[in-house]
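Protein chains in written order, with the numbering used here: chain B, 1 to 469; chain U, 1001 to 1105; chain V, 2001 to 2503; chain Y, 3001 to 3639.
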């Protein structure tokens, strides 16, 4: 029972919120925000309490110390998103949908956690869908915005297609191995043509989730249309979860054809990083901008996977952790500014530093972290990823990736230029950010700094991860 | 029934359905029909699972269960999709997929 | 706890102090206090170092301290100094001290300005004291990044363009370095044992030749970009021209030295075999750079451009000397770094002050300034003479050491390179005298210049500090060169082990 | 054994004076600085005299030869394990002789300047730089090693630069100073290369080792041939290039005439008596090696000879009195070089060497005298052009008298100093090379001619109308004139053969009247012609000038060497090297870097259609992605 405590806790608070939703009078809805966040905080903290690990349902569900940690990381991300979205939920048009928002969000989180700790493709599929479908609803959350609806459509349709293809792949895997349990598929997966075909379909589905080129096209549009906090949630938590499970699967189930998938990754990494950057360069809308940058970041994540070692997996997890904080920091600033002023393009940010120095500073640090500039954590994350790939001898790949970091630095600097260098005749007015917003940003900043400086985090992760060999 | 029907037939059928679905998804402009083509894809998957399970691995029922779950999930998916489509319809009074390119580049 | 840590701690504390100080004056004075501490610290460091050496402490690295940071990558926080780094630290502290005073009249966002400036210096200090390649690289980037804001916000001219260009090119360089460092790391234990970033440990092992051949160009070019290696120097003119005074000072004075130091300390020291093989390629480039920068400077109209090009020439001489790979030349390289650092800082300070008074940097719009600003005028002449390598100033010592050193190669190629490089002293004389002639001498062209006031007290402090630096080294170079030599010993041993004997 | 270590103060005092006056320059009244400077030089003068006395007459000889001793030596910088730069004091006959020359002339000039520069703004600056110069020049002559010499060589150059550009608001002065510095700098590059070659081959900078009886220079660096000359020869030639630059030998002479833009005392001190002979001194210093490399020595001789003739010709045509003197200086230095060039080594063979030093010595006196006299004249009439002067002899009696003495001395009329030294040179030349000897006869005549042309034009002829009646210079200026006049009268009787010889072994000298008398006659002839042409104003000179035609104009235009240089520097270097380099840097190198950014942007703009916003297109890409992966796998599969 305690083995799946994370999911149970989440389900518990979801149910609680549902009940509250039912019994709460319509004019008091917004008072649900604080208790919701508190509950989530409790869950988060409880999640860190060490507990038993093991297998349930005859292997369909499994947890290990590693998976528990992954779940905690996801919890952190979700928690920060919840904190950040408080400001947005207070807006009048969202008043009566607050608890829906939380319920949907939490259910996706539950889905992800099941996906991460699945021991069987069925469980995995359920988790995946549970993590995806509510997100479409969330993306279309702002009913009165055409963009939001469009985002919803694009998300649900493309995700449906991708999951269809993924399932087709799974069916082939099943057909060739005769089982769906990871533990049994692994040995049986010797790489016959049909299996490989199945793997390709499966991989395409996963690539869709972590938006790798060429399966990324939905990303930018959905991020732009969806509410900012949803975009940030999509970009960090769901992407993170997908990356985790993909790593685990590649390292366990598909380890027999490691040579082949590493070759594929090689090409996909180059494509993803380069195209992501090239598109990001010319974006004006910050959400779109961050969407493309997040695509490029996904490419970097793969660098760790291709490392194929325990160290490689550790760097992936570590980088996702860093990336959660950095990206949420950036998105947090974008979201509050877009909530207060509706400004979302880079030009609107001209001279931001002179009116709102704190926000601009947070933004800059987050962007530096994304670009991998010391002393913030992003530097360490990137460096370790490159080290992981170099460890495997892929120096050329690393070189390409590093050159791409320069391009990425260029467009991150464009934003910084707008905030610090440019002057504007009508800059974004000075405004005071409320408790939750500042809390969220402070969390991100502490994360950005602490994770890099204190090597403990990485060592713990490295201790728990495992590699191919 | 289906005794002695070789597995290839099922596979051919499912493959056909799969690609028909994909084709439909790519060419039909109406969101609802696109949704239907997705259902086609999912059903082809179901056929696969069932066929594999029934013919290759009659021992246990994983394939069957998977099929059931797929059907359920597909229903949920469809419901959400349709909800969103309705919303779209409210916004811009048609549901032509090509009209939804406000966000691009 | 090694007291070297203070070199990083003091700037950080200063930044915190600046953060909490209210008025502009407080900000400035906090900066002054902090950087004076740095200066004093540097003085003490030199004293302790020489004392320790005199006391017969022959350890390769002094005041070292080693803390494990990332256990499973074997990344340490390993700091320590040898003669060379002590010299570089001295240089840095002088320049930053003068820089604070030179930027006394920054009015726009002074808090942020001094913060970034001091962060930059912190990065530089960290770079010079760290002996672990990882931290070395980390501090390197810390030192480079603030340039963007410094140039972009407080710069002049096409500052956005220059800032972006400078940052991207330098970061491009650092990208190459990163790859090189990874290469070093994964080849740091060719015969078993844990991989390491530890510079000293790596310097003890023989890295396999193929790896050396592959990674040497990355490291050398990577650092060379910052060291204004031809043809990767083009960030320098624009960057310097657009940067505010103190930033130009720090950048040309110290930051460009990171490049030279890196080439010497990482590329050549750790990969001597490849260095021996490929030196000729880069020798050609640097020789071109030396003469090319000098000729480029002749034609410029903008004071800062002139100085930027002369920096290109002088820094190319540094790399040139490093590539000669014998004790004397390398010693000259280090001296040239220090001398050029102080000298060019002096130049940029003066240019800033002149600009602040005449509001133009185009020499043909000025003239006869010696009459109205004798102090700055004389200082400029002194700077110029130092830059064209006049005895009694540091430039002469450095250049002579380099030339004598590189002349120890008894083959035509090196001889020719040396002679070409040496001929730059004439060209340097040409452009320096041209500037001095047009700028300071002759009649005053613009009547408004008649009521220019000469240097203020803070200008004088910064100028005098730098001039003292130049002349001190120029008059009594022995202690410095001995200190450097002493630091060079292990480097030379490794180089000699690796390749053909050069005496 | 006498302790000479105090001689370092000869070096230190001017330095201290320079630093003090330089820092406190505008605190005190200018005159104070002047006094300090002069006093300092006075002390130096005394010290030098004492040193000379002790050295020549008290210090006991070793095997009849004057010793060469290191009065003081201190390591300044370690270069390689063998090479190290020292700063010290080397005492041997020539250095002591130079000490006397420099301190005397410098002292005189200081006193003179107290009067001449009175009321100039920058008086203080003038004196502090003057002591800087004295410091550098003294350091140069007492250098213990070639690198110390190079150091002070550079310092001399810069102080000359500063003094020529003293009137920094006059553009011509600025240009002249620049020219002087850059030309000499170019020569110094040669010197540096020479030093590098020499030090690499011999492994030492030290003069005593280098020029000692068994110097490594004689053994090493002989074999290697390049363009038919050994390394050692090449290094000597490079070294000589440096000397030629400082001593304004053809073709590096162009800076000297322009250098006359500086104040006249400066011309007297630097560009007549001391700095310009540094080149000669350098060759003399390295003489044993030069003598060992005969081909190099040959070149020295010819360059000297040609320059002397060349300069003499030009001198005959100039009107600016200072320029006339400048060219005569060149010509006289040419003599000295030639003398070294034709000299042998040791005993009687070393006659040329002795003669050269001798002439250097005497020349310092009368040329300084001439310049100071010219200064007095200019001071009186505020003009440099002799055709604006005339009949000044009644206004400036003392100047007139001293000037006349100087003219006689330089023309080599006995018993004045010039005669003896020049005679020795001619003898040496005669024994070595008849052609050069003839050339020098000619030059002797021309020297006499142009000097007296000058003399008559200034002091005789009919009076011009001056805007105020010329008046004799103040006493501070006349005293030096008189002292120097005495010097240039009697200096010739100093028995140089006993004191300064190539191997510092004294030998008996004897005037070869067979050569002396014709030279005197030639000189007289020159004077005679000058008298005829210029004593009374007549237009005969014009006629001759027109008769000579093109040659005259060419000579008047200094044979257009300046224009050639101007062409090379301005046209070639500036327009065809420097400008293209600047352009190349901006457009090619920088352009490429910008291209990267540009291309990136363009590409990112081109591919934007990829993201069309069409859901179905996304799906299409998705599917094709899957298919592409499949194909890729098949490819990987097959191999």
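Backbone N, C-alpha and C define an ideal beta-carbon position, used for all residues, glycine too.
Just so we're clear, the structure is a prediction, and the values are computed from it rather than from any experiment.
Self-check item: Local conformation of residue 62 of chain B per DSSP, three classes
Solution: Here residue 62 of chain B refers to the residue found at position 62 of the first chain. Reduced to three states, the DSSP call for residue 62 of chain B is strand.
Exercise. Pull up the distance between the alpha-carbon of residue 3191 of chain Y and that of residue 2006 of chain V, whole angstroms please.
Key: For the purposes of this step, residue 3191 of chain Y is taken as residue 191 along the fourth chain, with counting starting at 1. For the purposes of this step, residue 2006 of chain V is taken as residue 6 along the third chain, with counting starting at 1. So the alpha carbons of these two residues sit roughly 48 Å apart.
Quiz prompt | Cut-off 8 Å between Cβ atoms - residues of its own chain near residue 2501 of chain V, not counting five sequence neighbours on either side | solution = One-based indexing of the third chain puts residue 2501 of chain V at position 501. In this prediction, residue 2501 of chain V scores a pLDDT of 47, lower than 50, which makes its location untrustworthy; the coordinate-derived value is nonetheless stated afterwards. Correct list: empty, nothing qualifies.
Quiz item: Are the CB atoms of residue 56 of chain B and residue 3 of chain B nearer to each other than 8 Å?
Solution: In the first chain, counting from the first residue as 1, residue 56 of chain B sits at position 56. In the first chain, counting from the first residue as 1, residue 3 of chain B sits at position 3. In this structure, residue 3 of chain B lies closer than 8 Å to residue 56 of chain B by Cβ.
Quiz prompt | Closest by C-alpha distance to residue 81 of chain B, when choosing among B:114, B:44, B:393 | solution = Numbered from its first residue, the first chain carries residue 81 of chain B at position 81. Ranking B:114, B:44, B:393 by Cα distance to residue 81 of chain B puts B:44 first.
Quiz item: Exposed or buried, which one is residue 3131 of chain Y when buried takes at least 16 other CB atoms within 10 Å?
Solution: Here residue 3131 of chain Y corresponds to residue number 131 of the fourth chain, with the count starting at 1. With 16 or more Cβ atoms within 10 Å of its Cβ, residue 3131 of chain Y is classed as buried.
Quiz item: Roughly how many angstroms separate the alpha carbons of residue 1095 of chain U and residue 3618 of chain Y, rounded to a whole number?
Solution: For the purposes of this step, residue 1095 of chain U is taken as the residue at position 95 of the second chain. For the purposes of this step, residue 3618 of chain Y is taken as the residue at position 618 of the fourth chain. Approximately 18 Å between the Cα atoms of the pair.
Exercise. State whether the segment 3078-3095 of chain Y contacts the segment 3526-3533 of chain Y, with contact taken as three or more CB pairs (one from each stretch) at a distance under 8 Å.
Key: no
Quiz item: the segment 3148-3173 of chain Y: which residues have C-beta closer than 9 Å to a C-beta of chain V, in chain order?
Solution: 3150, 3151, 3152, 3153, 3154, 3155, 3157, 3158, 3161, 3162, 3165, 3168, 3169, 3170, 3171, 3173
Self-check item: Contacts that residue 126 of chain B makes with chain U (C-beta to C-beta distance below 8 Å)
Solution: Residue numbering aside, residue 126 of chain B sits at position 126 when the first chain is read from its first letter. Ordered by position in chain U, the residues that pass the 8 Å Cβ test against residue 126 of chain B are 1069, 1073.
Exercise. Take the Cβ of residue 3382 of chain Y as the centre, count every other Cβ of all protein chains shown within 10 Å, and call the residue buried at 16 or more, exposed below.
Key: Mapped onto the fourth chain, residue 3382 of chain Y falls at position 382. Exposed: under 16 other Cβ atoms inside 10 Å.
Quiz item: Nearest to residue 69 of chain B by alpha carbon, out of B:314, B:393, B:430?
Solution: The sequence position of residue 69 of chain B within the first chain is 69, counting from 1. It is B:314.
Quiz item: With 8 Å set as the bound, which would you pick, yes or no: does the beta-carbon of residue 2472 of chain V sit closer than that to a beta-carbon of chain Y?
Solution: The sequence position of residue 2472 of chain V within the third chain is 472, counting from 1. Output row for residue 2472 of chain V: interface = no.
Quiz item: Is any beta-carbon of chain B found at less than 8 Å from that of residue 2183 of chain V?
Solution: Mapped onto the third chain, residue 2183 of chain V falls at position 183. At least one chain B Cβ lies under 8 Å of residue 2183 of chain V.
Quiz prompt | Nearest candidate by alpha-carbon position, reference residue 2013 of chain V, set V:2318, V:2038, V:2345, V:2346 | solution = The residue labelled residue 2013 of chain V in the question sits at position 13 within the third chain. Closest by alpha carbon: V:2038.
Practice problem: Kindly identify the DSSP beta-bridge partner or partners of residue 141 of chain B. | Solution: The residue given as residue 141 of chain B occupies position 141 in the first chain. Answer is none; residue 141 of chain B lacks a bridge partner.
Quiz item: On the three-pair Cβ rule with 8 Å, is the segment 3205-3225 of chain Y touching the segment 3141-3148 of chain Y?
Solution: yes
Quiz item: Counting contacts by CB-CB distance shorter than 8 Å, is residue 2443 of chain V in contact with chain Y?
Solution: Translated into the one-based positions of the third chain, residue 2443 of chain V becomes position 443. Taking Cβ atoms only, chain Y reaches closer than 8 Å to residue 2443 of chain V, which makes this a yes.
Self-check item: At least three beta-carbon pairs within less than 8 Å, the segment 2108-2116 of chain V to the segment 2083-2095 of chain V
Solution: no
Practice problem: List the whole-angstrom C-beta distance separating residue 225 of chain B from residue 320 of chain B, where the pair is believed to meet the contact cut-off of C-beta under 8 Å. | Solution: As a working note, residue 225 of chain B is residue 225 in the first chain. As a working note, residue 320 of chain B is residue 320 in the first chain. Going by Cβ atoms, the distance from residue 225 of chain B to residue 320 of chain B rounds to 25 Å, so no, they are not a contact pair.
Quiz item: Touch check for the segment 2466-2483 of chain V and the segment 2254-2263 of chain V: three-plus C-beta pairs under 8 Å?
Solution: no
Self-check item: Contacts that residue 278 of chain B makes with chain Y (C-beta to C-beta distance below 8 Å)
Solution: In the first chain, residue 278 of chain B corresponds to position 278, counting from 1. Correct list: 3600, 3603, 3604, 3607.
Practice problem: Return no unless some Cβ of chain C is closer than 8 Å to the Cβ of residue 1098 of chain U. | Solution: This model lacks chain C altogether, as its protein chains are B, U, V and Y.
Quiz item: Are the C-beta of residue 3595 of chain Y and some C-beta of chain B separated by less than 8 Å?
Solution: As a first step, residue 3595 of chain Y must be located in the fourth chain, where it is residue number 595. So, not an interface residue.
Quiz item: Hey, out of B:393, B:466, B:409, whose CA is closest to residue 2148 of chain V's CA?
Solution: Counted from its first residue, the third chain places residue 2148 of chain V at position 148. Per the Cα distances, B:409.
Quiz prompt | Cβ-based contacts, 8 Å cut-off: residues of the segment 158-180 of chain B near chain Y | solution = 158, 161, 162, 165
Quiz prompt | Proximity to residue 2401 of chain V [Cα-Cα], best of V:2420, V:2204, V:2329, V:2036 | solution = Position 401 of the third chain, counted from the first residue, corresponds to residue 2401 of chain V. The residue with the shortest Cα to Cα distance from residue 2401 of chain V is V:2329.
Quiz item: Does the beta-carbon distance from residue 151 of chain B to residue 1091 of chain U come in below 8 Å?
Solution: Here the question's residue 151 of chain B lines up with position 151 in the first chain. Here the question's residue 1091 of chain U lines up with position 91 in the second chain. Not a contact, by the Cβ cut-off of 8 Å.
Practice problem: For chain V, find out if any of its Cβ atoms is closer than 8 Å to the Cβ of residue 430 of chain B; answer yes or no. | Solution: To locate residue 430 of chain B, count along the first chain from 1; it is residue 430. Residue 430 of chain B does not count as touching chain V.
Practice problem: List the whole-angstrom C-beta distance separating residue 157 of chain B from residue 3615 of chain Y, where the pair is believed to meet the contact cut-off of C-beta under 8 Å. | Solution: Reading the first chain from its first residue, position 157 is the one you call residue 157 of chain B. Reading the fourth chain from its first residue, position 615 is the one you call residue 3615 of chain Y. Confirmed, Cβ separation roughly 6 Å.
Quiz prompt | Whole-angstrom C-beta distance between residue 1053 of chain U and residue 1061 of chain U, which should lie under 8 Å | solution = Numbered from 1 along the second chain, position 61 holds the residue referred to as residue 1061 of chain U. Numbered from 1 along the second chain, position 53 holds the residue referred to as residue 1053 of chain U. Between residue 1053 of chain U and residue 1061 of chain U the Cβ distance is about 7 Å, and since that is below 8 Å, they are a contact.
Quiz prompt | Nearest neighbour of residue 2359 of chain V, chosen from V:2049, V:2449, V:2264 [CA to CA] | solution = In the third chain, residue 2359 of chain V corresponds to position 359, counting from 1. Taking only the C-alpha atoms, the option nearest residue 2359 of chain V is V:2449.
Quiz prompt | Bridge-paired residues (DSSP) for residue 3168 of chain Y | solution = Stepping through the fourth chain from its first residue, residue 3168 of chain Y is reached at position 168. Answer by DSSP bridge pairing: none, since residue 3168 of chain Y is not bridged.
Self-check item: Between the CA atoms of residue 1023 of chain U and residue 1037 of chain U - distance to the nearest angstrom
Solution: By one-based count along the second chain, residue 1037 of chain U stands at place 37. By one-based count along the second chain, residue 1023 of chain U stands at place 23. Cα to Cα, residue 1037 of chain U sits roughly 8 Å from residue 1023 of chain U.
Quiz item: Taking 7 Å as the cut-off, does the CB of residue 1087 of chain U come closer than this to any heavy atom belonging to the ligand PLP?
Solution: By its list of ligands, the structure shown contains no ligand whatsoever, and the ligand PLP lies outside what it can speak to.
Self-check item: residue 3003 of chain Y and residue 2442 of chain V closer than 8 Å at C-beta
Solution: As a working note, residue 3003 of chain Y is residue 3 in the fourth chain. As a working note, residue 2442 of chain V is residue 442 in the third chain. Their beta carbons are not under 8 Å apart, which means residue 3003 of chain Y does not touch residue 2442 of chain V by this criterion.
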